[in-house]
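Each remark here refers to the structure printed beneath this line.
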Amino acid sequence: MTAFPTALPPQAPLKLVVSGPVGAGKTTFVQTLSQTPVVATEAEASEDIGKTNTTVAFDFGTLHLDGQELHLYGTPGQDRFSFMWEVLCEGALGLVLLVAGDRPQDFAHARGILDFITSRIPVPFLVGVTRQDQDRVWDPADVALYFGLPQEQVVGLNATDPAQAREVLAHLLELTLSPQPALG
Numbered sequence: 000m001t002a003f004p005t006a007l008p009p010q011a012p013l014k015l016v017v018s019g020p021v022g023a024g025k026t027t028f029v030q031t032l033s034q035t036p037v038v039a040t041e042a043e044a045s046e047d048i049g050k051t052n053t054t055v056a057f058d059f060g061t062l063h064l065d066g067q068e069l070h071l072y073g074t075p076g077q078d079r080f081s082f083m084w085e086v087l088c089e090g091a092l093g094l095v096l097l098v099a100g101d102r103p104q105d106f107a108h109a110r111g112i113l114d115f116i117t118s119r120i121p122v123p124f125l126v127g128v129t130r131q132d133q134d135r136v137w138d139p140a141d142v143a144l145y146f147g148l149p150q151e152q153v154v155g156l157n158a159t160d161p162a163q164a165r166e167v168l169a170h171l172l173e174l175t176l177s178p179q180p181a182l183g
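At position 66 of the sequence shown the residue is numbered 65 (numbering that gives the first Met the number 0), and the sequence of numbers has no breaks.
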């Protein structure tokens, strides 16, 4: 006689990827959301990127949502690590592309990252405009126009604020899980 399992096997963790240019707030966003200490692969920058250290592989944290584990991966922002963008997005539930709202000179690079990822991996995404707590930042509606996206796909946030980080995650999940209209 075959014994039946008494409990359901645990579900595989879900994956959320956070990407964007250098200095957009990726590491901070992952640290803000994670309920465990974040594993960071920081190294001294070998070129002038506006800061001393940079992510060279990925940042990793975890979050539990109603008993489901969510793995948080922050990508490097430099093009020379672009192979990691595709690797990390494989099988992802969604992508949060962060852009610093006070650095419009980085928007074209952010668009390039988004195009690179979405042309290879069909992943639902949301654009987060960071530094909304500072002066002279772009409004999310203007960033949506720049990226040619619907306004509901671009949100503003302060990546250090846990409530705002959770709101971004909830918004992405709403977009991801809501029925999509049929094309045609």
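Note that the Cβ used here is the ideal one computed from N, Cα and C, for glycine as well.
P121 vs H70 beta-carbon contact at 9 angstroms: The residue labelled residue 121 in the question sits at position 122 within the sequence shown. The residue labelled residue 70 in the question sits at position 71 within the sequence shown. Cβ distance not < 9 angstroms, so P121 and H70 don't count as in contact.
Residue burial classification, T74 (beta-carbon count within 10 angstroms, cutoff 16): Taking the sequence shown and counting its residues from 1, the one referred to as residue 74 is at position 75. T74 is buried by the Cβ-count criterion.
Proximal residues to V29 (C-beta, below 7 angstroms), its chain only, five neighbours per side dropped: By one-based count along the sequence shown, residue 29 stands at place 30. Excluding positions up to five away in sequence, the list reads V17, V37, D58, G60, L71 and G73.
Beta-carbon separation (whole angstroms), V98 vs G19, contact threshold 8 angstroms: By 1-based counting over the sequence shown, the position of residue 98 is 99. By 1-based counting over the sequence shown, the position of residue 19 is 20. Indeed they touch by this definition, with Cβ atoms about 6 angstroms apart.
Distance CB(L15)-CB(R165) smaller than 9 angstroms: Position 16 of the sequence shown, counted from the start, is the residue given in the question as residue 15. Position 166 of the sequence shown, counted from the start, is the residue given in the question as residue 165. Cβ distance not < 9 angstroms, so L15 and R165 don't count as in contact.
F124 and L171 closer than 9 angstroms at C-beta: Looking up residue 124 in the sequence shown gives position 125. Looking up residue 171 in the sequence shown gives position 172. Cβ atoms of F124 and L171: closer than 9 angstroms.
Close beta carbons around H108, own chain, < 7 angstroms, minus the five adjacent residues each side: By 1-based counting over the sequence shown, the position of residue 108 is 109. Cβ neighbours of H108 beyond the five flanking positions: P20.
Minimum C-alpha distance to D132 - residue among T159, A39 and G90: Taking the sequence shown and counting its residues from 1, one reaches residue 132 at position 133. Measuring from the Cα of D132, the nearest candidate turns out to be T159.
C-alpha distance - V126 paired with Q163, whole-angstrom precision: As a working note, residue 126 is residue 127 in the sequence shown. As a working note, residue 163 is residue 164 in the sequence shown. Looking at the two C-alpha atoms, the distance is approximately 14 angstroms.
For F106, the three-state DSSP class (helix, strand or coil): On the sequence shown, residue 106 is found 107 positions in, with the first residue counted as 1. Of the three classes helix, strand and coil, the one that applies to F106 here is helix, per DSSP.
Residue from T35, G111 and I116 whose Cα sits closest to the Cα of V86: Within the sequence shown, numbered from 1, the residue matching residue 86 stands at position 87. Residue I116 is the option with its Cα nearest to V86.
Selection from R119, A91, V128 and L94 that minimises the alpha carbon distance to F106: Within the sequence shown, the letter at position 107 stands for residue 106. Among R119, A91, V128 and L94, the Cα nearest to that of F106 is on V128.
Cutoff 6 angstroms; reference V153; Cβ partners in own chain excluding five residues on either side: By one-based count along the sequence shown, residue 153 stands at place 154. V126, P139, V142 and A143, listed in sequence order.
Closest residue to D114 among V167, G90, Q34 and F146 (Cα-Cα distance): Counting from 1 along the sequence shown, the entry for residue 114 is found at position 115. Closest in C-alpha terms to D114, from the list V167, G90, Q34 and F146, comes F146.
Inter-residue spacing [alpha-carbon to alpha-carbon] between Q104 and V167: Numbered from 1 along the sequence shown, position 105 holds the residue referred to as residue 104. Numbered from 1 along the sequence shown, position 168 holds the residue referred to as residue 167. The straight-line gap from Cα to Cα measures roughly 23 angstroms.
Euclidean distance between Cα positions of Q67 and Q77: Indexing the sequence shown from 1 puts residue 67 at position 68. Indexing the sequence shown from 1 puts residue 77 at position 78. Going by the C-alpha atoms only, they are around 31 angstroms apart.
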